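The numbering used here numbers the first residue of the sequence shown as 120 and each following residue consecutively.
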Amino acid sequence: MATQTDDAERLAEAAGARYDRVVRLAQAIFGAPIVALNLIGARGQVTVAAVGAYTQRLPLDASICASTVLRDDVVEIADLRQDPRFRDFPMVVGPPRVRFYAGVPLRGAGGRNVGVLCMLDLVPRELGATQREMLADLGAMVERELAVQDEMLRAGEVQRLLLPNEPPALPGVEAAGRVQPAREAGGDFFDWQVVGARGARDELQVVLGDVMGKGLAASLIASEIRAVLGTHSTYVALDEAVRRTSEATAHDLESNGRFVTLWGGRLDPIDGTLHYVDAGHGLAALASSRGVRRLAQEHLPLGMPVASRWTQASAVMAPDETLVVVSDGVLDVFGDLGVALDAVRELTVTGASCGVVVDSIVEQAAGRGATDDVAAVAVRRTARQESRGVARGEDRGEGRTA
C-alpha cells in the first residue's frame with residue numbers, strides 16, 4: 120500500500136492538464152454532468168481533472184473512489200441513496216447531491232491501482248453493457264497515459280541523479296547549478312569537473328548545454344552529451360573535447376533531428392584565466408558591479424549538418440566577477456538579451472552566494488511563466504583557496520546543486 124500511495128501522490132503532482140481531454144470526452148459520451156479523474160494517496164483523494172461540480176480533494180472516508188480503487192473492474196451504483204455504504208457521504212446528502220456513480224479503477228506502474236476514472240449523475244440511472252465497455256476502454260486509455268507519465272517521471276529522477284551532487288573538489292572556487300525542466304525530464308544540463316589537460320595547475324571545467332526540444336528524447340541526448348564530453352575532457356583540451364564529442368554523437372543527433380548548444384569553460388582559480396568554447400549558445404557572461412562582459416563566439420551548435428570547427432577563446436576573470444551561464448529558457452522569459460544580462464548582473468552584485476544566484480535566476484524565470492527548460496550555472500573565485508558550496512536537495516522536476 121505504501122508504494123501505491125507514493126505512486127499516486129507523485130503522479131498527481133505532475134499531472135498538469137494532460138487528462139482534461141479524457142474527462143471532457145467521457146462527459147460527451149455518457150452525458151453525465153460530473154466526470155473526474157481521481158488519484159488515491161495516503162492523504163486522501165486528489166482530483167487531477169474534472170468537469171462539473173467536483174471537490175478537488177477529499178479525505179478517504181468521504182471518497183467513493185477509495186472503494187473503487189480496490190476493485191479490478193467497473194463499479195456501478197445505480198442509486199447512492201439506497202446504498203448504506205455511501206448514502207451519508209457529503210456529496211450525496213449535500214451539494215451536488217449525486218445519486219448515480221460509475222467508476223473504473225486505474226493501474227499505475229507495476230500493475231498497482233492508483234486511481235479511478237468516475238462519472239456521477241444527479242438522478243439514478245444504469246449503464247448498458249456497451250457503455251460499461253466504453254468506460255473500461257476510456258480507463259485503459261488513461262492507464263496508457265499514466266504509464267507514459269510514470270516513465271517520464273522516472274527518467275527525470277535519473278537525469279537529476281546524473282547532475283553534479285557535490286561542490287567542485289578544487290580550492291579557490293565556489294560554484295552552483297540548477298536545472299528545472301518544463302516537463303518531467305528535459306534537455307538542459309550542466310556539469311563540472313576538475314581537469315589538468317595542459318599539464319599545469321588544476322582547473323575547474325564548467326559546462327552548460329541545451330538540447331533542442333523537451334521531454335524524454337531530449338533528456339537522453341543531454342545525458343549522452345554530458346557523459347561523452349566529460350570523458351574526453353579528462354584527457355584533452357576543451358576545444359578538442361568538444362570536437363570529439365561532436366563526432367561521437369553525430370549519428371544520434373542526426374537520426375533524432377536534434378542539435379545541442381553548448382558553452383564550456385575552464386577556469387584557473389589562482390590567476391583567473393578562463394578558456395572557453397561557445398558552440399552556438401551565446402548566453403554566458405562575467406558579471407560585476409562594473410557591468411557585464413559576454414563570453415560568446417560565432418560557432419555552430421553540435422549536430423548541425425555542416426562541418427564545424429570549434430576554437431577556444433580566453434578571458435581573465437577578475438576577483439569581483441561572477442561567471443554566469445544560462446539556457447535560452449531564461450532568455451525566452453526576459454525577451455531581450457540585454458534585459459536578461461542586466462537582471463543577472465543585479466543578482467551577482469548583492470554579495471549573494473552562487474547558490475542564491477542560480478536559485479533566483481531559475482525562480483524568476485518560473486515566476487514569469489517559463490514554458491521551456493531553464494538552467495543556470497554560477498562560478499566565483501573565492502578569497503580563500505578552498506572549495507565552497509554545499510550539496511542541496513531537489514524539488515520535484517528540478518536538479519539543483521550548490
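Beta carbons: idealized from backbone N, C-alpha and C, even for Gly.
These numbers come from a predicted model, not from an experiment.
If we ignore side chains and look at the alpha-carbon of each, how far apart do P243 and R204 end up? Rounded to whole angstroms, P243 and R204 show a C-alpha spacing of 16 angstroms.
Please report the residue range of the alpha helix (DSSP H) in which D397 lies. Bounds of any alpha helix (DSSP H) do not take in D397; it lies within the beta strand (DSSP E) bounded by T392 to A398.
Could you spell out where the beta strand (DSSP E) holding P224 opens and where it closes? Its beta strand (DSSP E) spans residues F219 to R226.
Note down, in chain order, each residue of its chain lying with its Cβ closer than 6 angstroms to the Cβ of F453, except the 5 sequence neighbours on either side. For F453, where only same-chain residues beyond five positions count, the Cβ hits under 6 angstroms are A459.
Kindly indicate which residue of P214, L421, D307 and D202 has the alpha-carbon position closest to the one of H370. Of the candidates P214, L421, D307 and D202, the residue whose Cα lies closest to the Cα of H370 is L421.
Residue nearest to A221 in terms of C-alpha spacing, selected from V425, A172, A155 and D180: Measuring from the Cα of A221, the nearest candidate turns out to be A155.
Let me know the secondary structure DSSP gives I340 once reduced to three states. Helix.
Applying the criterion that 16 or more other CB atoms from any shown protein chain within 10 Å of the CB defines a buried residue, is P388 buried or exposed? If you draw a 10 Å sphere on the C-beta of P388, you find 16 or more other C-beta atoms in it, and that means buried.
Indicate whether V445 and I480 have their beta-carbon atoms separated by less than 8 angstroms. I480 sits close to V445, with the two beta carbons spaced by under 8 angstroms.
Three CB pairs or more closer than 8 angstroms across the stretch 374-386 and the stretch 353-364: Yes, the stretch 374-386 touches the stretch 353-364.
8 angstroms Cβ cutoff met for V448 and H418: It is Gly, not Val, that sits at residue 448 in the sequence shown. Contact: no.
Rounded to whole angstroms, what's the CA-CA distance from A406 to A437? Just pull it up for me. Their backbone Cα atoms lie some 10 angstroms apart in a straight line.
Looking at the structure shown, is G431 part of a helix, part of a strand, or coil, going by DSSP? The amino acid at residue 431 is misidentified as Gly; the sequence shows Gln. The answer is coil: DSSP assigns Q431 none of H, G, I, E or B.
Can you look up F378 in the DSSP assignment and give me helix, strand or coil? Of the three classes helix, strand and coil, the one that applies to F378 here is coil, per DSSP.
Can you give, in chain order, each stretch of the beta strand (DSSP E) that sits fully within the stretch 287-333 and has at least 3 residues? If we require 3 residues or more, the beta strand (DSSP E) runs fully inside the stretch 287-333 come out as 292-299, 307-314 and 322-330.
DSSP state of S365 mapped onto helix, strand, coil: In the structure shown, the three-state DSSP call for S365 is helix.
Under a Cβ-count criterion, where at least 16 other Cβ atoms within 10 Å of its own Cβ denotes burial, should Y395 be classed as buried or exposed? Buried, since its Cβ has 16 or more Cβ neighbours within 10 Å.
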